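Chains as they are written, first to last, in the numbering used here: chain A, 1 to 295; chain B, 296 to 576. Glycine included, every Cβ here is placed at the ideal spot set by N, Cα and C. Every value quoted in this text rests on a predicted model; they were computed, and no experiment measured them. Taking it in order: structure first as structure tokens, then the write-up.
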Amino acid sequence: MNTTNTQKNSAIPDNHLPWDIEITPPKFLSPLKWNEFFRYKNLLGLLVYRDFVVYYKQTILGPLWWLLQPVITSGVFVIFFGFILKVPMDGGTPLMLFFLSGLTLWFYFSNSLNQIANLFASNGSMFEKVYFPRLIIPISQLLSNLMKLTLELIFLAIVYTVLCFQGAQVRPTWWLLLSPIIIFYLAVLALGFGLLFNSLTYKYKDLSLTLPFIIQIGMFTSSVIHPVSAIPKEILYYLYFNPVIPAIELFRFMLTGQGTIYPDQIVTGIVVTVVLLLLGIMSFSYTEKRFIDTI
Amino acid sequence: MKDIVIQVEHVSKMYRIGQLGHGTLQKDLQSFWARLWKREDPNTLLEMNGQGGGKPGNGRFLALDDVSFEICRGESVGIIGRNGAGKSTLLKILSRIVTPEKGLIRMRGRISSLLEVGTGFHPEQSGRDNIYLNGGILGMKRHEIKRYFDEIVEFSEIGEFIDTPIKRYSSGMKIRLAFSIAAHFLAEIVILDEVLAVGDHFFQQKCMNKMEQLLKNEGRTLLFVSHSMPSVQRMCQRGLFLDHGHLLMDAPINEVAAAYHQQHLQSNHSAASINQQSDAA
Ligand SMILES: Nc1ncnc2c1ncn2[C@@H]1O[C@H](COP(=O)(O)OP(=O)(O)OP(=O)(O)O)[C@@H](O)[C@H]1O
Ligand SMILES: [Mg+2]
């Protein structure tokens with residue numbers, strides 16, 4: 001039926017201009033319109049600015065809040081895991097540096113994941129009023145989190161320098177120049193997993209309530225609080241299921257020259273991330289057209 | 296020569312009635328599985344390939360049923376109908392907020408919509424930031440937005456509140472700003488769904504004057520929903536009459552308004568007679 005209509009219309013001479021917008025019932029998987037993003041890049045900038053500014057609009061400490069999350073958590077971890085529980089560390093790395101580097105990356109990942117996995121729930125009121133490519137929201141969140149991460153990494157550099165002056169026996173490696181790849185990897189992982197989680201859970205509240213739980217378990221199983229070398233041989237295989245581990249361990253290795261890297265673990269991490277990204281985008285393109293009806 | 300900007304062909308929209316609850320996850324998995332293997336969906340009783348809509352059932356109904364029409368550049372079209380007739384649903388589909396289950400819609404130009412009460416504003420941000428955000432949502436560039444900024448603020452009469460967070464605006468102020476944005480930014484098609492109701496009398500008049508001027512001078516196209524017949528008759532030349540998802544009538548606005556009143560009177564009569572019967576019983 002639709003095809004005959006198309007033919008009929010293209011035959012009418014006064015339809016000289018092409019149509020700008022075509023609305024059809026959603027296909028099972030409709031391809032994302034990537035070219036649309038470029039028309040909306042101004043919106044992307046505005047959204048990044050919004051996330052960045054609104055976060056501290058009504059706070060006294062302002063941008064300092066971003067530093068407090070990893071700093072306070074690191075402090076607590078230094079006390080608990082360093083002095084009370086005495087997790088075995090790789091030699092030489094100051095505990096503060098160890099936790100701060102791991103937590104900074106972990107919070108970038110987990111905060112992004114938390115936002116993206118609640119995409120429909122927290123942006124529904126906007127999505128039901130105006131149209132724009134929905135994927136702009138998670139991308140803007142990743143970018144504004146990246147700006148926060150940059151501030152935190154500057155802080156990390158300052159802490160590192162101070163510790164070195166105090167006689168810490170670690171020095172950064174040249175590999176550190178490759179650390180943007182690790183951040184990009186974590187961003188892709190948060191996007192893929194977040195979109196998939198969002199698509200699977202927006203309808204069923206009890207499923208979306210599992211997210212804080214997942215994130216909490218994630219923090220304790222992603223070698224944030226211990227080096228990979230502290231994992232007993234018998235359960236080493238679990239490394240292959242958590243694609244965050246190689247990112248964090250690799251970052252620490254770049255930063256301090258200490259860490260345990262398994263190349264096959266990096267490969268599986270990349271494979272898992274790519275698969276999650278594909279699943280995430282596919283599930284998103286399915287649900288993005290349908291979710292408004294159910295909120 | 297006809298310069299069609301909106302073409303709607305056989306559009307149907309199906310909604311579910313009732314609460315999502317027990318069994319829906321299971322049902323959804325069932326439907327998903329069926330679609331994956333291209334089998335018949337056990338949860339759809341709707342005939343999706345028939346000409347005349349379908350049978351609602353199984354907790355689903357048609358909010359729009361096989362609606363077709365065309366709108367040309369510069370037209371102003373009023374959509375009228377009782378509560379729940381499907382007016383907002385139609386405008387939401389045209390604004391690409393929801394997707395239809397059936398049919399095809401094609402449009403030319405940018406669309407700026409004000410849908411029902413409430414706007415796409417971000418409550419924590421100032422009016423100024425929200426003007427920029429709305430421009431961005433329309434796909435405009437920064438300098439384009441700047442060019443219209445002062446006009447928008449002036450028309451909305453927001454004045455010094457422009458740097459106050461939107462959450463501190465009164466509902467009328469929000470609508471003023473939203474209307475002002477829709478009227479000034481370059482959108483060829485403007486969609487207004489019951490938005491003027493919140494504004495005060497003077498602002499309503501101002502909005503209608505502004506819209507008339509835009510229709511006349513800039514060749515914009517307007518789709519207008521309101522329960523205030525005088526405004527609809529003043530703003531629009533053409534009317535679409537929706538009833539229970541069906542497009543009953545597509546004619547000059549005065550004829551449509553007359554038919555609407557006629558139907559209302561009739562249904563009042565039948566309702567009254569039913570009441571009398573039940574009283575007697
Ligand atoms: N998300 C939804 N889920 C289920 N039903 C819906 C949904 N949205 C709208 N409906 C139903 O669709 C029908 C049409 O609604 P719509 O909002 O289009 O009416 P309307 O013509 O705008 O009415 P009003 O004059 O009251 O604004 C109504 O029966 C409404 O209950
Ligand atoms: Mg309505």
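Between the Cα of residue i and those of the options, spot the shortest distance and give me the residue it belongs to.
i        : options                                   : result
A/Thr201 : A/Thr294, A/Phe38 and A/Met147            : A/Thr294
A/Leu299 : B/Ile432, B/Glu419 and B/Lys505           : Look at the range of chain A in this structure, 1 to 295, and you will see that residue 299 of chain A is not part of it.
A/Phe107 : A/Ser229, A/Ile23, A/Val78 and A/Val224   : A/Val224
B/Pro525 : B/Thr516, B/Asn549 and B/Leu385           : B/Asn549
A/Tyr185 : A/Leu64, A/Gln166, A/Pro94 and A/Val275   : A/Val275
A/Pro212 : A/Asn114, A/Ser101 and A/Lys148           : A/Asn114
B/Arg423 : B/Cys367, B/Phe456, B/Val393 and B/Leu410 : B/Phe456
B/Ile400 : A/Ile182, A/Ile235 and A/Pro25            : A/Pro25
A/Trp175 : A/Ile292, A/Phe251, A/Ile21 and A/Leu277  : A/Phe251
B/Cys531 : B/Glu452, B/Gln500, B/Pro547 and B/Ile406 : B/Pro547
A/Arg39  : A/Leu278, A/Leu255 and A/Pro133           : A/Pro133
A/Ile181 : A/Pro227, A/Ile248 and A/Ala117           : A/Ile248
B/Val527 : B/Tyr555, B/Ala473, B/Gly514 and B/Leu542 : B/Tyr555
Excluding sequence positions up to five away, which residues of its chain have a Cβ less than 6 angstroms from the Cβ of residue i?
i        : result
A/Asn123 : Ile137
A/Pro246 : Gln265, Ile266 and Gly269
B/Pro351 : Note that B/Pro351 has pLDDT 48, beneath the 50 cutoff, so the model's placement of it is unreliable and the number below is only indicative. Cβ neighbours of B/Pro351 beyond the five flanking positions: Leu357.
B/Asn429 : Ile476
B/His522 : none
B/Val393 : Lys387
B/Arg403 : Val300
A/Gly102 : Val224 and Ile248
A/Phe291 : Phe120 and Tyr202
Since residue i is in the beta strand (DSSP E), which residue starts that stretch and which ends it?
i        : result
B/Ser502 : It should be pointed out that residue 502 of chain B corresponds to Cys in this sequence rather than to Ser. Not the beta strand (DSSP E): B/Cys502 falls in the alpha helix (DSSP H), residues His496 to Glu513.
B/Thr516 : Thr516 to Val520
A/Glu22  : Ile21 to Ile23
A/Gly218 : Segment Leu211 to Thr221 is the alpha helix (DSSP H) holding A/Gly218; no beta strand (DSSP E) there.
B/Ile301 : Ile299 to Arg311
B/Arg485 : The amino acid occupying residue 485 of chain B in the given sequence is Val; Arg does not appear at that position. Its beta strand (DSSP E) spans residues Ile484 to Asp488.
B/Ile430 : Checking the displayed sequence, the identity of residue 430 of chain B turns out to be Gly instead of Ile. Where B/Gly430 is concerned, there is no enclosing beta strand (DSSP E), although the alpha helix (DSSP H) it sits in stretches over Gly422 to Ile432.
B/Gly265 : Because chain B spans 296 through 576 in this model, residue 265 of chain B falls outside it and cannot be assessed.
B/Met544 : His541 to Pro547
For residue i, report the span of its alpha helix (DSSP H) as first-last.
i        : result
A/Pro138 : Ile136 to Phe165
A/Val53  : Lys41 to Val54
A/Val244 : Val244 to Thr256
A/Ile266 : Pro263 to Thr287
A/Phe98  : Leu95 to Ala117
A/Pro70  : Leu64 to Phe77
B/Phe450 : Arg437 to Ser451
B/Met530 : Met524 to Met530
B/Arg468 : Going by the sequence as given, residue 468 of chain B is Met instead of Arg. Per DSSP, B/Met468 belongs to the alpha helix (DSSP H) from Ser466 to His479.
A/Ile292 : Taken as a continuous stretch (DSSP letters only), A/Ile292 belongs to no alpha helix (DSSP H), as it is neither H nor E.
A/Phe193 : Ser179 to Thr201
Once the 5 residues before and after residue i are set aside, which same chain residues still bring their CB inside 8 angstroms of it?
i        : result
A/Leu207 : Leu200 and Thr201
B/Gly467 : Val493, Gly494, Asp495 and Phe498
B/Ala380 : Leu537, Asp538, His539 and Gly540
B/Met435 : Phe480 and Leu481
A/Pro172 : Tyr160, Met254, Leu255, Thr256 and Gly257
Once you ignore the five residues that flank residue i on each side, which residues in its own chain have a CB closer than 7 angstroms to its CB?
i        : result
B/Ile470 : Val490, Val493 and Gly494
B/Tyr443 : His479 and Phe480
A/Ser144 : Val48, Asp51 and Phe52
B/His317 : Unreliable positioning characterises B/His317 in this predicted model, as indicated by a pLDDT of 47, which lies under 50. A coordinate reading is not provided.
A/Val188 : Thr273 and Leu277
Return the Cβ separation of residue i and residue j in integer angstroms, given the expectation that the two are a contact with Cβ distance under 8 angstroms.
i        : j        : result
A/Ser283 : A/Leu209 : Not a contact, Cβ separation roughly 19 angstroms.
B/Leu487 : B/Val520 : 7 angstroms
A/Phe109 : A/Ser74  : That pair is no contact at about 16 angstroms.
A/Leu304 : A/Leu135 : Because chain A is modelled from 1 through 295, residue 304 of chain A falls outside the range shown and cannot be assessed.
A/Tyr286 : A/Phe28  : 7 angstroms
B/Ile301 : B/Glu365 : 7 angstroms
B/Ser383 : B/Leu517 : Rounded, the Cβ-Cβ distance is 16 angstroms, inconsistent with contact.
B/Val306 : B/Lys397 : 7 angstroms
Taking 8 angstroms as the cut-off, is the CB of residue i close to at least one heavy atom of ligand 3?
i        : result
B/Arg391 : Summarising the ligand content, the structure contains ligand 1 and ligand 2 and does not contain ligand 3.
Answer yes or no: does any C-beta atom of chain E fall closer than 9 angstroms to that of residue i?
i       : result
A/Pro94 : Among the chains of the structure shown, chain E does not appear; the protein chains present are A and B.
Inset, instruction - Identify every run of the beta strand (DSSP E) within the stretch 361-420 of chain B, keeping only runs that are complete inside it and at least 3 residues long; order them along the chain. - result: 371-375, 397-402 and 406-409
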